[in-house]
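Q: Before we start, here is the structure in question, set down as structure tokens.
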Ligand code: 2IT
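Numbering (my numbering), first residue to last: 111 to 561.
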């Protein structure tokens, strides 16, 4: 373990004892605590108020049975979750993930990270996350609808526009949000902004679907500018082919970058000409909505090489942007990147990198941008959707995009200055963790001890 501060070590050890068998949650706690060592030294008032101990304990963890009937008439049972992690600076806010890997550890790691990410956006949103071990792959549209309705029948008891506002994540897009919203409205007889990522016709924000990727690219623009560089003319390796990868590829292409890889659970494709025509980019959407969950279809359609069971991290490019899921880059991958002379590593999916891999990249001079900051544009536009719903108003794409650009610039700049202020100049990971943490910690301090 890389932690040195004895107080943080003891809080971390207690967290390990209290959360056995939850490696992803403990991984993110350790990673955030490493960044917070200088904060502990400067802020004894936080230590006295037990802020660190309270920060790692979710305010509420709800788990529930979701039963539904499949197309063959068989009863299926899944487990649903909502983790309401921290409400110090606003209503709980965070996505819902439908994926077979979902468990309490995954939910808590995502909820913990969401707390700091939401804080970084500068908008009033607390941290939450939810989902289910339901696997959407291969399910019919009717099955998805019935599952969403059953899931919401329980979730509706715990959420509300001023309490907790879920959205999408892996396996939950506009279609699922629509079904979830419909069921909430049926149950409550209320039309409110209880979910974000809604369709535009019923209160969704312009550009919400592409915004996580757009925001990530705006972050990259700001970051490269610091080094006197730009996106134009650079090559990029992206993983995933879902919503986040799609928005990222679109915006990189628009700004003159060339994306040569995308990936799926089945492997990755290498497109030497770039995933850059409207047809190719639209096909990414088609692959997602087909529920087949494979990227080999792209290789078949466009006649490019497909590498079964492999990840694109061995490819030599200027910038690497993982956009798929957690822990998709390990120490060996990081070694391959360094051996290829990689300069910029930009996390887009939540916690795509193991802690050892991040340490190795940093130690070898790679500029590492952390997902909490880089992907915060998604939830930021969710925050803007909440504002629009509260006002019963709708901003144009240009207005939303301009606000998103501002938010991403602020996130980048506040991370840079927090790192500097706490003696970790140039460390974008620590800067984001510190900046995100401070606002939540101040709010908790001001509000007294009971959560
Ligand atoms: O990880 C994330 O920030 C999201 N899945 C989006 C959350 C949201 O509430 O828009």
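A virtual CB, placed ideally from N, CA and C, is assigned to each residue, including glycine.
Quick caveat: nothing in here was measured; it's all calculated off a predicted structure.
Exposed or buried, which one is residue 430 when buried takes at least 16 other CB atoms within 10 Å?
A: Taking the first residue of the chain shown as position 1, residue 430 is located at position 320. Buried: at least 16 other Cβ atoms inside 10 Å.
Q: Considering only the beta carbon of each residue, do residue 589 and residue 330 sit closer than 8 Å?
A: Outside the shown range of the chain, which is 111 to 561, sits residue 589, and nothing can be said about it.
Q: Using CA coordinates, which residue listed in 256, 334, 428 is at the minimum distance from residue 185?
A: Counted from its first residue, the chain shown places residue 185 at position 75. Of the candidates 256, 334, 428, the one whose C-alpha sits nearest the C-alpha of residue 185 is 256.
Q: Buried or exposed for residue 524, please, with buried defined as at least 16 other CB atoms from any protein chain shown within 10 angstroms of its CB.
A: The residue given as residue 524 occupies position 414 in the chain shown. Burial call: buried.
Q: For residue 382, tell me which candidate among 361, 156, 445, 345 has the shortest Cα-Cα distance.
A: Looking up residue 382 in the chain shown gives position 272. Among 361, 156, 445, 345, the Cα nearest to that of residue 382 is on 345.
Q: How close, in whole Å, do the beta carbons of residue 134 and residue 215 come, if the pair is a contact with beta carbons under 8 Å?
A: For the purposes of this step, residue 134 is taken as the residue at position 24 of the chain shown. For the purposes of this step, residue 215 is taken as the residue at position 105 of the chain shown. 5 Å between Cβ atoms; contact.
Q: May I ask you to report which of helix, strand or coil DSSP gives residue 424?
A: If you number the chain shown from 1, residue 424 lands on position 314. Helix at residue 424.
Q: What does the Cβ neighbour count give for residue 222, buried or exposed, with the cut at 16 atoms within 10 Å?
A: The sequence position of residue 222 within the chain shown is 112, counting from 1. So residue 222 ends up on the buried side.
Q: For residue 298, I'd like the list of residues in its chain whose CB is within less than 6 Å of its CB, leaving aside the five on either flank, ordered along the chain.
A: In the chain shown, counting from the first residue as 1, residue 298 sits at position 188. Closer than 6 Å at Cβ, skipping near neighbours: no residue.
Q: Does the distance from the C-beta atom of residue 377 to that of residue 418 stay below 8 Å?
A: By one-based count along the chain shown, residue 377 stands at place 267. By one-based count along the chain shown, residue 418 stands at place 308. Yes, these two residues count as a Cβ contact at 8 Å.
Q: So, for residue 169: in the same chain, excluding its five sequence neighbours on each side, which residues have a beta-carbon less than 7 Å away from its beta-carbon?
A: Taking the chain shown and counting its residues from 1, one reaches residue 169 at position 59. Take residue 169, set aside five residues on each side of it, and the residues of its chain with a beta-carbon closer than 7 Å to its own are 194, 195, 196, 197, 561, in chain order.
Q: For residue 537 and residue 449, I'd like the C-alpha separation in whole angstroms.
A: Against the chain shown, residue 537 aligns to sequence position 427. Against the chain shown, residue 449 aligns to sequence position 339. When rounded, the distance between both Cα atoms is 21 Å.
Q: Under 8 Å, do residue 243 and residue 189 count as touching if we go by C-beta distance?
A: The residue given as residue 243 occupies position 133 in the chain shown. The residue given as residue 189 occupies position 79 in the chain shown. Yes, these two residues count as a Cβ contact at 8 Å.
Q: Put residue 188 into one of helix, strand or coil per three-state DSSP.
A: In the chain shown, residue 188 corresponds to position 78, counting from 1. Per DSSP, reduced to three states, the secondary structure at residue 188 is strand.
Q: Taking the alpha-carbon positions, what's the residue 254 to residue 459 distance?
A: For the purposes of this step, residue 254 is identified with residue 144 of the chain shown, where counting begins at 1. For the purposes of this step, residue 459 is identified with residue 349 of the chain shown, where counting begins at 1. Rounded to the nearest angstrom, the two C-alpha atoms are 24 Å apart.
Q: With DSSP run on the structure shown, which of helix, strand or coil describes residue 174?
A: Locating residue 174 in the chain shown gives position 64, counting from the first residue. Correct three-state label for residue 174: strand.
Q: With distances taken from CA atoms, which of 162, 548, 461 is nearest residue 115?
A: Along the chain shown, one-based indexing puts residue 115 at 5. Ranked by how close their Cα comes to the Cα of residue 115, the residues 162, 548, 461 have 162 in first place.
Q: Rounding to the nearest angstrom, what Cα-Cα distance links residue 484 and residue 226 in this structure?
A: The residue you call residue 484 lines up with position 374 of the chain shown. The residue you call residue 226 lines up with position 116 of the chain shown. Approximately 12 Å, taken between the alpha carbons.
Q: Given a cut-off of 8 Å on the beta-carbon distance, is the pair residue 316 and residue 497 in contact?
A: Numbered from 1 along the chain shown, position 206 holds the residue referred to as residue 316. Numbered from 1 along the chain shown, position 387 holds the residue referred to as residue 497. Their beta carbons are not under 8 Å apart, which means residue 316 does not touch residue 497 by this criterion.
Q: Return the chain-ordered ranges of every beta strand (DSSP E) run that is complete within the segment 410-473 and spans a minimum of 3 residues.
A: For the segment 410-473, whole beta strand (DSSP E) runs of length 3 or above, ordered along the chain, are 416-418, 429-431, 454-456.
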